[in-house]
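In order, the protein sequence lines correspond to chains A and B.
When the count follows full-length UniProt numbering, it moves up by one through the first sequence with no breaks and lands on 357 for the last residue.
When the count follows full-length UniProt numbering, it moves up by one through the second sequence with no breaks and lands on 357 for the last residue.
Glycine included, every Cβ here is placed at the ideal spot set by N, Cα and C.
Just below is one structure, and these are the notes that go with it.
Protein chains: 2
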Amino acid sequence: MDDTENGAGKPRGPKPKIATMEELSSAIGVSRPTLSRYFQDPSSVRSSTVARIREGLDRVEYVPNFFATRMNRKSTGMIGVIIPYLNDLFFTRLLESIEIAAMEAGFTVITQCSHSDPAIEARAAETFMSMSVDGALVAPLGNQSDFEIHERLNARLPFVLFDSRPSTMPGVDFVGTDHTQSTGNIVEYLCRVGDPPVFLAMPRVNFNAVEREVAYVAKMEELGHDPLIVGTEAVRPDWHFEPHGFAILDHFFSRGQFADRSILCVNDRVAIGALQAAATHGLDPGRARRGGLRIAGHDDYPLCPHTIPALTTVAQDVEAIGRAAVARLVKKIRAENKPDDQLVTLFDGVLKVRESA
Amino acid sequence: MDDTENGAGKPRGPKPKIATMEELSSAIGVSRPTLSRYFQDPSSVRSSTVARIREGLDRVEYVPNFFATRMNRKSTGMIGVIIPYLNDLFFTRLLESIEIAAMEAGFTVITQCSHSDPAIEARAAETFMSMSVDGALVAPLGNQSDFEIHERLNARLPFVLFDSRPSTMPGVDFVGTDHTQSTGNIVEYLCRVGDPPVFLAMPRVNFNAVEREVAYVAKMEELGHDPLIVGTEAVRPDWHFEPHGFAILDHFFSRGQFADRSILCVNDRVAIGALQAAATHGLDPGRARRGGLRIAGHDDYPLCPHTIPALTTVAQDVEAIGRAAVARLVKKIRAENKPDDQLVTLFDGVLKVRESA
DNA sequence: AGGTGCGATTTACGCACGTAAAAGTAATGC
DNA sequence: GCATTACTTTTACGTGCGTAAATCGCACCT
Numbered sequence: 001m002d003d004t005e006n007g008a009g010k011p012r013g014p015k016p017k018i019a020t021m022e023e024l025s026s027a028i029g030v031s032r033p034t035l036s037r038y039f040q041d042p043s044s045v046r047s048s049t050v051a052r053i054r055e056g057l058d059r060v061e062y063v064p065n066f067f068a069t070r071m072n073r074k075s076t077g078m079i080g081v082i083i084p085y086l087n088d089l090f091f092t093r094l095l096e097s098i099e100i101a102a103m104e105a106g107f108t109v110i111t112q113c114s115h116s117d118p119a120i121e122a123r124a125a126e127t128f129m130s131m132s133v134d135g136a137l138v139a140p141l142g143n144q145s146d147f148e149i150h151e152r153l154n155a156r157l158p159f160v161l162f163d164s165r166p167s168t169m170p171g172v173d174f175v176g177t178d179h180t181q182s183t184g185n186i187v188e189y190l191c192r193v194g195d196p197p198v199f200l201a202m203p204r205v206n207f208n209a210v211e212r213e214v215a216y217v218a219k220m221e222e223l224g225h226d227p228l229i230v231g232t233e234a235v236r237p238d239w240h241f242e243p244h245g246f247a248i249l250d251h252f253f254s255r256g257q258f259a260d261r262s263i264l265c266v267n268d269r270v271a272i273g274a275l276q277a278a279a280t281h282g283l284d285p286g287r288a289r290r291g292g293l294r295i296a297g298h299d300d301y302p303l304c305p306h307t308i309p310a311l312t313t314v315a316q317d318v319e320a321i322g323r324a325a326v327a328r329l330v331k332k333i334r335a336e337n338k339p340d341d342q343l344v345t346l347f348d349g350v351l352k353v354r355e356s357a
Numbered sequence: 001m002d003d004t005e006n007g008a009g010k011p012r013g014p015k016p017k018i019a020t021m022e023e024l025s026s027a028i029g030v031s032r033p034t035l036s037r038y039f040q041d042p043s044s045v046r047s048s049t050v051a052r053i054r055e056g057l058d059r060v061e062y063v064p065n066f067f068a069t070r071m072n073r074k075s076t077g078m079i080g081v082i083i084p085y086l087n088d089l090f091f092t093r094l095l096e097s098i099e100i101a102a103m104e105a106g107f108t109v110i111t112q113c114s115h116s117d118p119a120i121e122a123r124a125a126e127t128f129m130s131m132s133v134d135g136a137l138v139a140p141l142g143n144q145s146d147f148e149i150h151e152r153l154n155a156r157l158p159f160v161l162f163d164s165r166p167s168t169m170p171g172v173d174f175v176g177t178d179h180t181q182s183t184g185n186i187v188e189y190l191c192r193v194g195d196p197p198v199f200l201a202m203p204r205v206n207f208n209a210v211e212r213e214v215a216y217v218a219k220m221e222e223l224g225h226d227p228l229i230v231g232t233e234a235v236r237p238d239w240h241f242e243p244h245g246f247a248i249l250d251h252f253f254s255r256g257q258f259a260d261r262s263i264l265c266v267n268d269r270v271a272i273g274a275l276q277a278a279a280t281h282g283l284d285p286g287r288a289r290r291g292g293l294r295i296a297g298h299d300d301y302p303l304c305p306h307t308i309p310a311l312t313t314v315a316q317d318v319e320a321i322g323r324a325a326v327a328r329l330v331k332k333i334r335a336e337n338k339p340d341d342q343l344v345t346l347f348d349g350v351l352k353v354r355e356s357a
């Protein structure tokens, strides 16, 4: 009562902190159940009461307890996202589009990163189950993932895989790129504009890597060319793609090989290493379209327009994948026990012709 | 009782799902409080009972309800992390080191990304408060952040800023790079090995950008050179750094300027754009150390070793920053109401001399 | 004035678990 | 064989809020 500042003016100091709805109710003279209803749907409360509540909330610092609110609701309003690796702009873009789509759908996303470790991936899945997220979006690690964990998630809650699809989990919703189309697309382009490409692969840490290899071979044979794949046997099967691309091509260039070939890299990060190897050997990929060295990638990594020379590649439609994955998951969340029509959504890759090929 | 498979063998099908500890207790014949104690500290339960519980848990599918457990504990075991932007490998590396350090300290981290939007940043802070995380680690957006939200967080729970420090929040713990040292370091190097550098800046979206500008000017004057800053007036103050670097230098190169200068870019992504501009104009940065074009950056972006030419830069000690930020936060969490000795922890940048300068 | 109907309040219970106190049981020592 | 000790179980209450049912207050209408 001795606070002389509590007129109509804005309160100066920190507002009084209120911990529970109970206190809030006695602080602004509205019953607790009414407050509860107000927070869930202000329109279910008489407008004069809404005004009183708003005014009261303005005078104090109160944040509802998330745990307590969600424990009694059927839905937590959260979706869990697992990605395998953070230090890759491809995944960050994917994650960004997922977060935005989820936000628009009214969900809070909890992201966990596997950091290339199946144990961490498993822990993340447990966290999601124990927090009873409404659904989970998972980009698996690769063939080292612990699929039992994915199965448990899938059995327990709405579940959609994205980006990379394990052959060991049929019958699960998936959203990703049609690598047969995308890789076929750029192989066809390379063949049309110049010589048939060599495929610079990577260690098969990833199902997509294999899918692209297979797609490359198929398209080459369809066009009547002999496929040639290099780079599958690397020193270490990790995520250091650029050094891998560099090492493989440096090896060949040093022996005078491949200096006038077309080279299709399994992804853009490998291609960046490839460009570096070319520069090291004084080569200028893309200068002579036909008959000269050309280098192309896959994914449309954000840096592609700024490499030297700018990298020709196929873009994955990251935004569409993110949006579709969220849309599918939200649909499953709302449907609950509908007949399980599995849905595989694949997006086409679109060609980005730049300077390098 | 008609399940013929329940011998000693591994159960084949999906295990029976158990939702609550109550059911669990009656399923394996151990009282619920005992189970509760088991989950918190198995050593507080007799070993023969532990064995019975373990055996029982092996036969069913049970995950404790996170909300219910945390609601009654003083601590949630979670720390909230806010980063301003995802599509930047600098932040992903920082985040990675934070996640690992937090994991080692026994905390679960909840990451929220501001996506360059102060409103989203504010929402993330609210989420943290409502989930009563044990502490928050925040890398602010820049001068467009809503600092009132940060103040509220800081007043409510253990709070540490990292990476970027608003001048408007004195008295708050901070962990980051000593930009005076790091920028001074590379300015000194550039001057020693060649001509004094021009500073290619960026729109001041970020406090670090300003700090580096100031540090550049100071070091130049200390060495008796005239500072020259370009690029502060950009088309749009967003996170498209590479195009910015390209545009500014393309502008100058087109008029025959700067082609034989040393150019220090405010960060590596701007430098990547700068390298591209150089290549476009047939320039080869770093070839002639003294008297020729040189380009250097700041941060040691993961791609620096793979640019053409490889980029000379100063590395921020991302791992140390992440670890220190977590360590400081954990200390504040454990200390609670200790005397508030503010702590500003700054790490030195270390020179990475490569080819471009 | 009395009846009607809507919104608000009161009351009471539930969620899944933590936790403290009291009472029970088993293992150990002499 | 009995007391001591250690662990368990039982019982009961608390956490902050959702939610349903019953009660209450108020403006409106005839």
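Taking the C-beta atoms as reference points, residue 264(A) is found nearer than 8 Å to residue 200(A). Close CB contacts of residue 111(B) within its chain, under the 6 Å cut and outside five residues either way in sequence, are with 81 (chain order). Our two residues, residue 243(B) and residue 303(A), have alpha carbons roughly 10 Å apart in a direct line. Under the 10 Å beta carbon count, residue 168(B) is surrounded by fewer than 16 other beta carbons and is classified as exposed. For the C-beta of residue 110(A), the chain B residues within less than 7 Å are, from N- to C-terminus, 110. In the DSSP assignment, residue 156(B) falls within the unbroken alpha helix (DSSP H) covering 147-156.
By the neighbour-count criterion, in which 16 or more other beta carbons inside 10 Å mark a residue as buried, residue 124(A) falls on the buried side. For the 8 Å CB-CB criterion, residue 93(B) and residue 266(B) do not form a contact.
About 29 Å separates the CB atoms of residue 332(B) and residue 300(B); that is not less than 8 Å, and the two are not in contact.
Between the region 83-97 of chain A and the region 57-69 of chain A there are fewer than three C-beta pairs closer than 8 Å, too few to call the two in contact. Excluding residues up to 5 positions away in sequence, 285 lie with their Cβ nearer than 6 Å to the Cβ of residue 278(B) in the same chain. Distances from the alpha-carbon of residue 227(A) to those of 239(A), 188(A), 249(A) put 188(A) closest.
The beta carbon of residue 18(A) does not come within 8 Å of any beta carbon belonging to chain B, so the residue lies off that interface. In this structure residue 137(A) is not in contact with residue 100(A), their Cβ atoms being roughly 13 Å apart against a cut-off of 8 Å. Non-local C-beta neighbours of residue 262(B) in its own chain, meaning closer than 6 Å and more than five positions away in sequence, comprise 190, 194, 195, 197, 294, ordered along the chain.
Boundaries for residue 46(A): no alpha helix (DSSP H) harbours it, and the DSSP string shows neither H nor E there.
The three-state secondary structure of residue 95(A), taken from DSSP, is helix.
The beta carbon of residue 171(A) is closer than 7 Å to those of 342 in its chain, skipping five residues each way along the sequence. Closer than 8 Å to the CB of residue 276(A) there is at least one CB belonging to chain B. Listed along chain B are 86, each with a C-beta nearer than 7 Å to that of residue 95(A). Residue 126(A) has its alpha-carbon roughly 12 Å from the corresponding atom of residue 118(A). At least one C-beta of chain B is nearer than 8 Å to the C-beta of residue 67(A). Interface annotation, residue 349(B): not in contact with chain A, CB-CB separation never under 8 Å. Here residue 106(A) is not bridged, per DSSP, to any residue.
The CB of residue 64(B) comes closer than 9 Å to the CB of 130 in chain A, given here in chain order.
Annotation: residue 73(A) to residue 22(A) spans about 19 Å, alpha carbon to alpha carbon.
Under the 10 Å beta carbon count, residue 29(A) is surrounded by fewer than 16 other beta carbons and is classified as exposed. Close partners of residue 113(B) in chain A (Cβ separation under 7 Å): 99. Contact annotation: in the UniProt domain "HTH lacI-type" (19-73) of chain B, residues whose CB is within less than 9 Å of a CB in chain A are 61, 63, 64, 65, 66, 67, 68, 69, 70, 71. Put simply, the CB of residue 302(B) is near chain A, with a gap under 8 Å to one of its CB atoms. Leaving aside the five residues that flank residue 258(A) on each side, the residues in its chain whose CB is nearer than 6 Å to its CB run, in chain order, 252. Between residue 279(B) and chain A, the shortest Cβ-Cβ separation is below 8 Å. Within the region 202-269 of chain B, the complete beta strand (DSSP E) segments at least 3 residues long are 262-265, listed from N- to C-terminus.
For residue 311(A), no pairing in a beta bridge is given by DSSP. Under the Cβ criterion (8 Å, minimum of three pairs), the region 177-188 of chain A counts as touching the region 210-223 of chain A. In this structure, DSSP gives residue 33(A) a helical state, which the three-state scheme calls helix.
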